[in-house]
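Enquirer: Handing you a structure now.
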Amino acid sequence: MKSILILLILTATALGDGRFYRLYWAEFSHEISNHRDGRWRVNDPQLSLHEDFGRREESRANGLVLLNAPEDLFSLEKAVLYLEMWGGHPHTADKRVTVNGKASYAVPDFGVSTGHCVYAYPEIEIEPAHLVNGINALQFSCDRGHGFWGHFIMDNVALKCVLRQDSLFAQQKKYTDFSARVLAPACIENESVEISLSLPRVELNNIAHVDFFAHYTGFDENGNGLNEDWHGYTHRREFVHHAGRAEKPPFRIIWNTDMIPDQSRPMAFKAVIQFADGLFYETDPTPGTLLIRDRETVQMFYGYEAPVPFWSRDGNLKTGKIFLPVDMKKILKAQLQVKIWDGGEGDVKAPFAINNHPYNITSQKAIHDAVHTVQMIDPHHLTSGDNLITLLSDTEHHGIEVLLPGPCLILRMKR
């Protein structure tokens, strides 16, 4: 394999603190990608002549993404390639992308090469000199590794062009000296907090919407392996599972922290502003908000003894456990969070259960997409000690993958 240039990998919402940027999304073409699935598929080099899979429609996919970014490269402070990515068949290895034939960059693994099921949102910093003004050719590839078929999918691909402010201000003087910051209280005591945006100099009708993000320890919904993180991600190009969005002045939200785990350090907030002309601005973080609880506590518990991969199809039952070292009488509320790749449960009526109590975590439509479940559950269905998690799909097709970090129970309890 050719040598890979590995540069900075960023988290899902780290778009450049206090920076203006433009975002260019690639548009899928079945003529260019050589298949009709509507998303970009990437295969290992040997698949075209694979005895079992070589004649399938997916095997025709060539992994080529053409992305139009009509940006003045001399105006860039940096450029970042962003993916909404199903990590692939377990053990798919060495995911990578070659940019305009100039250089190759590693696409982060997040656990796929060791057999796990993953959906993630990697950001890969690209050297601006490796781009072109206009249509950029991004050739993605991978190896089979120790698996049966090296394969991954990108539902969306974007290029974030972070702009040098002097260049932007020379072109669009209305943004000169623009500033904005998030306003948040020093402490949260009643499980509800107002987060707003300070805009000392701006025409409010120039703002399309504002997305707010919180940095805290919680469920790893973006699959990057970090619990303490900026939380939220994009789905079909829109931010979801973040603190919230404000679509009109005065651009503020109410964020409920009722089931946010106890924090060992202060939380921080930031905002991404989208202007009516398509330009974005991300604020500097506003740190220092304490989450205070005197009489109650919120704790988070991941599973253990989970199968690798945590994937059921063709009637193959998979089980795991979540250990709860708590007094069940103290539980006030219980929440399940789990993210899956939904390839269908087949004819199974209850594909997911906790201690044999079924909970719906699928679309029931085999949508072949990520599904993130945040659901309150009956505390009486839980037990102190081991809690059994079961997963079952009887379809001969893809089935259900439980994505990293796996099922998680969040409990609100009396102290």
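Residue 252 in numbering that gives the first Met the number 0 sits at position 253 of the sequence shown, and the numbers go up by one each step. Virtual Cβ for every residue (Gly too), placed ideally from N, Cα, C. Just so it is clear, the structure is predicted and the values come from calculations on it, not from any experiment.
1) Is V370 near D341, with beta carbons less than 8 Å apart?
2) Grab me the residues of N61's own chain with a C-beta within less than 7 Å of its C-beta, minus the 5 sequence neighbours each way, in chain order.
3) Measure the C-alpha to C-alpha separation of S311 and L402 and round it to an integer number of angstroms.
4) Enumerate, from N- to C-terminal direction, the unbroken alpha helix (DSSP H) stretches of 4 or more residues contained entirely within the segment 127-188.
5) What's the C-alpha gap between I98 and H29?
6) Distance, Cα to Cα, N315 vs N354?
7) Can you give the Cα-Cα distance for L82 and R294, rounded to whole angstroms?
8) Going by the beta-carbon positions, is the gap between L75 and V156 smaller than 8 Å?
9) Tell me P286's beta-bridge partners as DSSP assigns them.
10) Apart from the five residues on each side of it in sequence, which residues of its chain come closer than 8 Å, Cβ to Cβ, to N135?
11) Hey, could you find the ends of the alpha helix (DSSP H) S415 is sitting in?
12) What residue does the beta strand (DSSP E) around S195 start on, and which one ends it?
13) Measure the CB-CB distance between V297 and P260 and report whether it falls below 8 Å.
14) Would A275 be called buried (16 or more neighbouring beta carbons within 10 Å of its own) or exposed?
15) Which of the three DSSP states, helix, strand or coil, is assigned to R40?
16) So within the segment 55-117, which uninterrupted beta strand (DSSP E) runs reach at least 3 residues, ignoring any that extend past its ends?
17) At the level of alpha carbons, what is the spacing between F19 and P357?
18) Assign G384 to one of two classes, buried (16 or more other C-beta atoms within 10 Å of its C-beta) or exposed (fewer than that).
19) Can you look up M412 in the DSSP assignment and give me helix, strand or coil?
20) Give the secondary structure of N204 by DSSP, where H, G and I count as helix, E and B as strand, and everything else as coil.
21) Short check: CB of F212 to CB of W229, under 8 Å?
22) How many angstroms separate the CA atom of F417 from the CA atom of H208?
23) DSSP state of H240, grouped into three classes?
24) Are the CB atoms of G287 and P406 nearer to each other than 8 Å?
25) Comparing the CB of D165 with every heavy atom of the ligand NAP, is any distance shorter than 7 Å?
26) On a Cα-Cα basis, can you pick out the residue from W24, R35, L335 and F139 that is closest to L63?
27) Kindly list the residues whose CB is nearer than 6 Å to the CB of Y280, restricted to its own chain and excluding five residues on each side of it in sequence; keep chain order.
28) Roughly how many angstroms separate the alpha carbons of R244 and S191, rounded to a whole number?
29) Just to confirm the assignment: which complete beta strand (DSSP E) runs, minimum length 3, are found wholly within the segment 339-388?
30) To the nearest angstrom, how far is it from the Cα of R414 to the Cα of I330?
31) On the three-pair Cβ rule with 8 Å, is the segment 161-170 touching the segment 111-130?
32) Could you tell me the alpha carbon to alpha carbon distance between I252 and L408, rounded to whole angstroms?
33) Using a Cβ-Cβ cutoff of less than 8 Å, which residues in the same chain neighbour F300 once the five nearest sequence positions on both sides are dropped?
34) Per DSSP, A305 is paired with what?
35) Whole angstroms are fine: how far does the CA of L391 sit from the CA of P350?
36) What is the DSSP secondary structure of H234, reduced to helix, strand or coil?
Expert: Considering the structure as presented:
1) Less than 8 Å separates the beta-carbon of V370 from that of D341.
2) The beta carbon of N61 is closer than 7 Å to those of S32 and N33 in its chain, skipping five residues each way along the sequence.
3) Rounded to whole angstroms, the gap between the alpha carbons of S311 and L402 is 12 Å.
4) At a cut-off of 4 residues, the continuous stretches assigned as alpha helix (DSSP H) that sit fully inside the segment 127-188 are 164-170.
5) Here residue 98 is Val; the residue named in the question, Ile, does not match the sequence. Going by the C-alpha atoms only, they are around 20 Å apart.
6) Rounded to the nearest angstrom, the two C-alpha atoms are 18 Å apart.
7) Straight-line measurement puts the Cα of R294 at about 42 Å from the Cα of L82.
8) No, the pair does not count as a contact, with Cβ atoms beyond the cut-off.
9) In the DSSP output, where bridge partners are listed per residue, P286 has A267.
10) Answer for N135: L65, L66, N67, A68, V98, N99 and L158, listed in chain order.
11) Here the chain comprises residues numbered 0 to 414, so residue 415 is not present and cannot be evaluated.
12) For S195, the uninterrupted beta strand (DSSP E) run begins and ends at S191 to S197, by DSSP.
13) Contact flag set, yes.
14) Burial state of A275 is exposed, judged by a 10 Å Cβ sphere holding fewer than 16 other Cβ atoms.
15) If DSSP states are grouped into helix, strand and coil, R40 belongs with the strands.
16) Within the segment 55-117, the complete beta strand (DSSP E) runs of at least 3 residues are 63-68, 75-85, 92-98 and 102-105.
17) Roughly 46 Å between the two C-alpha positions.
18) Under this definition G384 is an exposed residue.
19) If DSSP states are grouped into helix, strand and coil, M412 belongs with the strands.
20) Helix, per DSSP.
21) It is a contact, given that the beta carbons lie within the stated cut-off.
22) The structure shown does not extend to residue 417, since the chain spans only 0 to 414, so no value can be given for it.
23) Coil.
24) Pairing G287 with P406 gives a Cβ-Cβ distance that is not under 8 Å.
25) This structure lacks the ligand NAP; in fact it carries no ligand of any kind.
26) Closest by alpha carbon: F139.
27) Around Y280: F19 and I272.
28) Cα to Cα, the separation comes out at about 16 Å.
29) Counting only unbroken stretches of 3 or more residues, the beta strand (DSSP E) elements lying wholly within the segment 339-388 are 351-353 and 369-376, in sequence order.
30) Answer to the nearest angstrom: the Cα atoms are 10 Å apart.
31) Two segments are said to touch when three or more pairs of C-beta atoms, one from each, lie closer than 8 Å; by this definition the segment 161-170 does not touch the segment 111-130.
32) Going by the C-alpha atoms only, they are around 26 Å apart.
33) Here the set comprises I321, F322, L323, C407, L408, I409 and L410.
34) Answer by DSSP bridge pairing: none, since A305 is not bridged.
35) Straight through space, the alpha carbons of L391 and P350 are spaced by roughly 5 Å.
36) DSSP, read as helix, strand or coil, puts H234 in strand.
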